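S.K.:
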Amino acid sequence: MVKKLSLALSFLPLAMAQPAPEALAKEIEELKSAAAAAQTAGDNAWMLASCALVLLMTGPGLALFYGGLVRRKNVLGTLMHSFVLMALATVVWAVAGYSLSFGEGNPFIGGFQYLLLNGVGMEPNADYAGTIPQLTFMAFQMMFAIITPALISGAYAERIKFSAMLVYTTLWLFIVYFPMAHMVWGKGGLLNAFSGGSIPCFDFAGGTVVHITSGVSALVAALYLKPRKGYGTEPIRPHNLVISFTGACLLWFGWFGFNAGSALGSGGLASSAFVATHFGAAAATAGWLLAEWIRSGKPSILGGISGCVAGLVAITPASGFVKPMPALIIGFLAGVFCYFMVTAVKNKFGYDDSLDAFGVHGAGGTLGAVLTGVFATNAVNGALKDSAGNPLPLGLVDGNPAQIANQAIGAAIAIALGLLGSYVCLKIADLVCGLRVSGDHETEGLDLSMHGEEGYNLEA
Amino acid sequence: MKKIEAIIQPFKLEEVKEALKSIGVDGMTITDVRGHGRQKGHKEVYRGQEYQVDLLPKVKLELVVADSRAEEVIATISKSARSGKIGDGKIFILPVEDAIRIRNDDHGEAAL
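Protein chains in written order, with this note's numbering: chain Y, 56 to 515; chain U, 35 to 146.
Structural data, given as structure tokens:
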């Protein structure tokens, strides 16, 4: 800053004194690079903070949210499902995931140019984020690759074998996540509206890539694994809603990094996404509580925190494209819609999506993806331009109703990939190590049978 | 000697303890228990899923007193633990053969 200021001050008398043109050009160049360095400093500070915020969503956020919803004997196993992905997905991402997602390849998957993070350093990658080091961009995207498979753990909780979970998740990253991330966000991706994709989709922070893929994969896992022992006959209640509450609040907090960080800079778009995110969460909390209050007579804390997550999910694809008032509408609709998904629809079909990964992430993600096509406006995000440099209309509100169809196709591709990919990964994991724990182990609980420890040693 | 077992509402514990202290009883054992008698449990709803909770949290109070004091202690517990609503609990009285103080082998009422 001091350097920039002194340059600016020295520039003024020079300009008045009409110096030699080459000296002036040199001063301007120096000034430009000082301004660029200042922007990088500002953007990178917010992006590194966002990376940490998104990691916080998985551990402890999601881990506690899910951990409180299971029975006492499975609390550690459930925390482990999220926590181990902070290790596993990181390694997979560094070795191949970043390259397969963001390397240049075909419309469906990236190439091998960034294998082992080759060439990923402090220089920005202008294809994605021209003002921050590519290392920051890589790290930010890595946090998404960690939380997405962790979301699925809500469906297989309390009954999956730990080894099978590791195999399933590793395969799932390669077969579902990396291709989907490339299609939507990667250079030349099929659905990437900003990189000439043939089906231009708007997904600001991962409605399709993160929530639809994980939610649909979760449904397949719940169906494949079959219900938990005693499901529907014994009471299977959350063992500690206080830690679920803590986790949900951390998710809400971390989601500012997830969505506002997806602006990949610290400018006005980040502020817009920040506000939309908060409004979506707030309205969905209100929507869920209201629906629950009317239908079952009492507004519950579990309903409130489930609603906030549903709203955060639905606003995710829209967050960088919509104004604050539509964010309230999207959130409210998501709260009511997901409430009916996890209560009425789940009971009707009888699948045991233990912690409602599908009902919240799959359903909320799909709703959010479609509503993005309704409310996206170039008044918020003018990045999409025609050849003359004028911003193109984005969603229905801009007079482009066709975008709703694009969004629906994008969602359908994510659903299809989730359905097929998840099934293939489950099948392989089942053949390799057997997916489900034995009946005795399930009765004993995953904490003791898988990890040899207990969460609450109250007499110790 | 009599053993008195009282199963009471958890929120009445402090009142019962104070009442017993005021009549000079200072030894007792307390356990957190769950159970139900005629009082039915309650309904809990988690994401639309309803659960009937039959066993409710109660506190079990156990104490052994000399025969001469039993009536007074029972009356004190009964009075202080009563809210008048269903679910207040029960008191059971059992005869005790002997009592031994582990520290010095005192027997009988001297051990209480």
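For each residue, glycine too, the CB sits at the ideal point set by N, CA and C. Since the model is a prediction, treat every value here as computed from it, not as a measurement.
Excluding five sequence neighbours on each side, which residues of the same chain lie with their C-beta closer than 7 angstroms to the C-beta of U:V50?
M.R.: I42, L95, I111, S114 and A115
S.K.: For U:M35, which of helix, strand or coil comes out of DSSP?
M.R.: In the structure shown, U:M35 sits in coil (DSSP, three-state: anything other than H, G, I, E or B).
S.K.: Ordered along the chain, which non-local residues of its own chain (more than five positions away) have a Cβ less than 7 angstroms from that of Y:T301?
M.R.: L119
S.K.: Counting pairs of Cβ atoms below 8 angstroms between the region 358-368 of chain Y and the region 321-341 of chain Y, do you hit three or more?
M.R.: yes
S.K.: Look up U:K74 in the DSSP assignment and say whether it is helix, strand or coil.
M.R.: coil
S.K.: So, are the CB atoms of Y:S477 and Y:V146 less than 8 angstroms apart?
M.R.: no
S.K.: Is the region 194-201 of chain Y close to the region 213-220 of chain Y, with three or more CB pairs under 8 angstroms?
M.R.: Verdict: no, contact absent.
S.K.: Note down, in chain order, every chain U residue with its Cβ under 7 angstroms from the Cβ of Y:V397.
M.R.: R81 and G82
S.K.: Closer than 8 angstroms by beta-carbon distance: list the chain U residues that pair up with Y:L426, in chain order.
M.R.: Within 8 angstroms Cβ-Cβ: nothing; Y:L426 doesn't reach chain U, min ~23 angstroms.
S.K.: Among Y:I384, Y:T186, Y:L357 and Y:G358, which has the Cα closest to the Cα of Y:I370?
M.R.: Comparing alpha carbon positions, the residue from Y:I384, Y:T186, Y:L357 and Y:G358 closest to Y:I370 is Y:I384.
S.K.: So for U:T63, helix, strand or coil by DSSP?
M.R.: Note: U:T63 maps to strand in three-state DSSP.
S.K.: Is the region 451-459 of chain Y touching the region 420-436 of chain Y, taking contact as three or more C-beta pairs under 8 angstroms?
M.R.: yes
S.K.: From Y:M56 to Y:V231, what does the alpha carbon distance come to, in whole angstroms?
M.R.: Annotation note: pLDDT 48 at Y:M56 (below 50); position unreliable, coordinate value reported separately. Computed Cα separation, rounded: 45 angstroms.
S.K.: Smallest Cα separation from U:K124: which of U:I108, U:G58, U:A133 and U:D132?
M.R.: U:I108
S.K.: When DSSP labels each residue in this structure, what does Y:M56 get in the three-state scheme?
M.R.: A caution first: Y:M56 carries a pLDDT of 48, below 50, which makes its placement in the model unreliable, though a value can still be read off. Taken through DSSP and simplified to helix, strand or coil, Y:M56 comes out as coil.
S.K.: Using beta carbons (cut-off 8 angstroms, strictly below), is Y:D408 in contact with chain U?
M.R.: no
S.K.: Considering only residues of the region 114-196 of chain Y, which uninterrupted beta strand (DSSP E) runs meet the minimum length of 3 residues and lie entirely inside it, listed in chain order?
M.R.: Counting only runs of 3+ residues, no beta strand (DSSP E) is found wholly inside the region 114-196 of chain Y.
S.K.: By the 10 Å Cβ neighbour count, where 16 or more other Cβ atoms means buried, how is Y:F167 classified, buried or exposed?
M.R.: exposed
S.K.: Less than 8 angstroms between the CB atoms is what I'm expecting for Y:I267 and Y:I483, so what's the real figure, rounded?
M.R.: Not a contact, Cβ separation roughly 22 angstroms.
S.K.: Determine, using beta-carbon pairs with one atom in the region 499-507 of chain Y and one in the region 114-129 of chain Y, whether at least three such pairs fall under 8 angstroms.
M.R.: yes
S.K.: Rounding to the nearest angstrom, what Cα-Cα distance links Y:C106 and Y:M135 in this structure?
M.R.: One Cα belongs to Y:C106, the other to Y:M135, and the distance between them is close to 21 angstroms.
S.K.: Of all the options Y:S250, Y:G510 and Y:L481, which has the alpha carbon lying nearest to the alpha carbon of Y:W227?
M.R.: Nearest of Y:S250, Y:G510 and Y:L481 to Y:W227, Cα basis: Y:L481.
S.K.: Would you verify that the beta carbon of U:E78 is, or is not, closer than 8 angstroms to some beta carbon of chain Y?
M.R.: yes
S.K.: Rank Y:G359, Y:A515, Y:N433 and Y:Y406 by C-alpha distance to the C-alpha of U:K80 and give the top, closest one.
M.R.: Here the sequence assigns Tyr to residue 80 of chain U, which means Lys is not the residue at that position. Among Y:G359, Y:A515, Y:N433 and Y:Y406, the Cα nearest to that of U:Y80 belongs to Y:G359.
S.K.: Whole beta strand (DSSP E) runs in the region 434-508 of chain Y with 3 or more residues, listed along the chain?
M.R.: Qualifying beta strand (DSSP E) stretches: none in this window.
S.K.: What is the rounded straight-line gap between the Cα of Y:S409 and the Cα of Y:K281?
M.R.: 10 angstroms
S.K.: Would a C-beta distance cut-off of 8 angstroms place Y:N461 and Y:C256 closer than the cut-off?
M.R.: yes
S.K.: For U:E84, does the three-state DSSP call read helix, strand or coil?
M.R.: Here DSSP, grouped into helix, strand and coil, assigns U:E84 to strand.
S.K.: By how many angstroms is the C-alpha of Y:A277 removed from the C-alpha of Y:Y406?
M.R.: 7 angstroms
S.K.: Out of curiosity, what's the CA-to-CA distance linking Y:L472 and Y:A92?
M.R.: 41 angstroms
S.K.: Below 8 angstroms between beta carbons: does that hold for U:A104 and U:I127?
M.R.: yes
S.K.: Span of the beta strand (DSSP E) holding U:K124?
M.R.: G123 to P129
S.K.: Bridge partners for U:G69 per DSSP, in chain order?
M.R.: Per DSSP, U:L90.
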